[in-house]
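Visitor: Provided herewith is a single structure, encoded as structure tokens, for subsequent inquiry.
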Amino acid sequence: MSELSEFLRSRRGRLSPEQAGLATYGTRRRVPGLRREELAQLAGISADYYIRFEQGRLDNVSDQVLDAVARALRLDDTEHAHLRTLVRPHGRAPGDRRTRPQQQWLLDSIAGPAYILGARTDVLAWNDLACALYGTDLATLDPPNMARLIFLDPTARTLWVPWEDKARDTVGGLRVLAGMYPDDLELRALVAELHDDPDFARLWTEHDVWTSPFGEKRFRHPVAGEFCLHYEAFAVPGEPDRTLITYTAEPGSPGATALSALGGRP
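Numbering-wise (the working numbering), the sequence shown opens with residue 123 and increments by one.
Structural data, given as structure tokens:
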């Protein structure tokens with residue numbers, strides 16, 4: 123079954139007729155959530171058209187139909203964008219992992235942990251504080267990859283607090299990438315490799331998607347103790363498939379003290 127079909131079925135399954143404002147009149151239901159015919163009714167399209175759409179048997183689905191389905195399913199902005207991407211994917215992710223020297227100079231000039239992520243969650247460039255924060259020399263990994271670090275490095279499960287939140291965000295981000303680049307063999311191989319971890323396999327079946335350009339993360343570091351950092355995610359100019367991630371701390375906070383300790387500053 124295609125990514126589009128699985129995603130739509132998962133979103134239908136989480137929305138009850140009562141939540142959608144539909145009367146059920148006590149009828150016995152064989153499946154949880156909305157039936158395809160009910161979703162079509164809510165979206166204002168024919169049941170046959172929606173069924174063919176969910177099965178991936180339609181080309182050139184209009185924005186109006188996509189918007190109507192998104193409203194009927196009560197998708198948030200990230201899920202709505204993901205639906206559009208599943209219908210109009212990008213193809214293959216860029217294969218070039220090289221970064222410009224100027225980008226490394228920028229990372230080295232940033233006072234907090236910072237790194238550049240590629241389209242497969244590969245860490246393409248980083249500064250020393252990023253290695254200190256994650257307790258890993260990223261240069262020793264081939265290639266350094268955030269998803270592998272989260273799920274396959276045992277120390278990650280105690281570094282992020284709670285780890286489950288970070289794991290769920292990571293899977294949601296990979297879902298977005300998988301929708302954007304369905305033909306990317308390296309991305310498929312990464313997802314297959316991560317399925318060896320039971321937690322990843324469990325979260326992957328939920329079809330949740332996640333993107334957030336800023337937020338807060340809590341760490342429990344073996345050297346610097348427990349603290350919070352704020353992250354910001356920036357699109358790299360001229361390279362939309364890459365993202366600059368930076369971590370900062372509120373002045374005078376335990377996070378600021380921790381970053382000073384990790385950076386060897388008094």
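The beta carbon of each residue, even a glycine, is placed where N, CA and C say it ideally should be.
With the cut-off set at 8 Å, would you say residue 244 and residue 253 are in Cβ contact?
Guide: Here residue 244 is taken as the residue at index 122 of the sequence shown, counted from 1. Here residue 253 is taken as the residue at index 131 of the sequence shown, counted from 1. Not in contact: residue 244 and residue 253 (Cβ atoms no closer than 8 Å).
Visitor: Suppose contacts are defined by Cβ-Cβ distances below 8 Å. Is residue 134 in contact with residue 166 by that definition?
Guide: Indexing the sequence shown from 1 puts residue 134 at position 12. Indexing the sequence shown from 1 puts residue 166 at position 44. Going by C-beta atoms, residue 134 is not nearer than 8 Å to residue 166.
Visitor: Taking all protein chains shown into account, do 16 or more other C-beta atoms lie within 10 angstroms of the C-beta of residue 218, making it buried, or fewer, making it exposed?
Guide: In the sequence shown, counting from the first residue as 1, residue 218 sits at position 96. Residue 218 comes out exposed.
Visitor: What three-state label does DSSP hand residue 303 in the structure shown?
Guide: By one-based count along the sequence shown, residue 303 stands at place 181. The answer is coil: DSSP assigns residue 303 none of H, G, I, E or B.
Visitor: Could you check whether the region 328-340 touches the region 280-294, counting it as contact only if at least three pairs of C-beta atoms, one from each stretch, sit closer than 8 Å?
Guide: At 8 Å Cβ cutoff, the stretches touch.
Visitor: Alpha carbon to alpha carbon, what distance is there between residue 271 and residue 160?
Guide: Here residue 160 corresponds to residue number 38 of the sequence shown, with the count starting at 1. Here residue 271 corresponds to residue number 149 of the sequence shown, with the count starting at 1. The alpha-carbon atoms of residue 160 and residue 271 are separated by roughly 42 Å.
Visitor: Starting from the C-beta of residue 365, find all residues in its chain whose C-beta is less than 6 Å away, skip the five residues before and the five after it, and write them out in chain order.
Guide: In the sequence shown, the residue the question calls residue 365 occupies position 243. 239 and 355.
Visitor: Residues in the same chain with beta-carbon distance under 6 Å from residue 340, minus the five sequence neighbours each way, listed in chain order, please.
Guide: Translated into positions along the sequence shown, residue 340 becomes position 218. Around residue 340: 283 and 350.
Visitor: DSSP puts residue 337 in a beta bridge; with which residues?
Guide: On the sequence shown, residue 337 is found 215 positions in, with the first residue counted as 1. In the DSSP output, where bridge partners are listed per residue, residue 337 has 353.
Visitor: Within the chosen definition, does the region 172-182 reach the region 298-315 through at least 3 CB pairs nearer than 8 Å?
Guide: Judged by Cβ distances under 8 Å, the region 172-182 makes no contact with the region 298-315, as fewer than three pairs qualify.
Visitor: For residue 194, which residues from the same chain have a beta carbon less than 6 Å from its beta carbon, with the 5 sequence-adjacent residues on both sides left out?
Guide: Position 72 of the sequence shown, counted from the start, is the residue given in the question as residue 194. Hits under 6 Å: 161, 164 and 165.
Visitor: From the DSSP output, in three-state form, read off residue 173 for me.
Guide: For the purposes of this step, residue 173 is taken as the residue at position 51 of the sequence shown. The answer is helix: DSSP assigns residue 173 an H, G or I state.
Visitor: Can you tell me whether residue 318 is buried or exposed? The criterion is at least 16 other CB atoms within 10 Å of its CB, across all chains shown.
Guide: On the sequence shown, position 196 is the one that residue 318 refers to. Residue 318 is exposed by the Cβ-count criterion.
Visitor: So, residue 215 versus residue 303, is the Cβ gap smaller than 8 Å?
Guide: Here residue 215 refers to the residue found at position 93 of the sequence shown. Here residue 303 refers to the residue found at position 181 of the sequence shown. Yes, Cβ-Cβ distance for residue 215 and residue 303 is below 8 Å.
Visitor: Considering only the alpha carbon of each residue, which of 169, 305, 225 and 322 lies closest to residue 285?
Guide: Here the question's residue 285 lines up with position 163 in the sequence shown. Closest option to residue 285, Cα to Cα, is 322.
Visitor: Who are the Cβ neighbours of residue 235 in its own chain at under 6 Å, not counting the five residues just before and after it?
Guide: Translated into positions along the sequence shown, residue 235 becomes position 113. Hits under 6 Å: 251, 252, 255 and 369.
Visitor: Please report how far the alpha carbon of residue 86 lies from the alpha carbon of residue 382, in whole angstroms.
Guide: Outside the modelled stretch of the chain, which goes from 123 to 388, sits residue 86, for which no answer is possible.
Visitor: Beta-carbon within less than 7 Å of residue 342's beta-carbon, same chain only, minus the 5 sequence neighbours each way: which residues are those?
Guide: Position 220 of the sequence shown, counted from the first residue, corresponds to residue 342. Once the five neighbours on either side are set aside, the close Cβ partners of residue 342 are 280, 281, 283 and 348.
Visitor: Beta-carbon separation of residue 380 and residue 372 under 8 Å?
Guide: The residue labelled residue 380 in the question sits at position 258 within the sequence shown. The residue labelled residue 372 in the question sits at position 250 within the sequence shown. Contact: no.
Visitor: Among 264, 324, 344 and 213, which residue has its Cα nearest to the Cα of residue 278?
Guide: Taking the sequence shown and counting its residues from 1, one reaches residue 278 at position 156. Closest by alpha carbon: 344.
Visitor: Thinking just about the alpha-carbon of each residue, which of 241, 361, 262 and 249 is nearest to the one in residue 307?
Guide: For the purposes of this step, residue 307 is identified with residue 185 of the sequence shown, where counting begins at 1. For residue 307, the nearest C-alpha among the options comes from 241.
Visitor: Cα-Cα, which of 324, 336 and 221 is closest to residue 359?
Guide: The residue given as residue 359 occupies position 237 in the sequence shown. Per the Cα distances, 221.
Visitor: Ordered along the chain, which non-local residues of its own chain (more than five positions away) have a Cβ less than 8 Å from that of residue 138?
Guide: Against the sequence shown, residue 138 aligns to sequence position 16. 154, 155 and 156, listed in sequence order.
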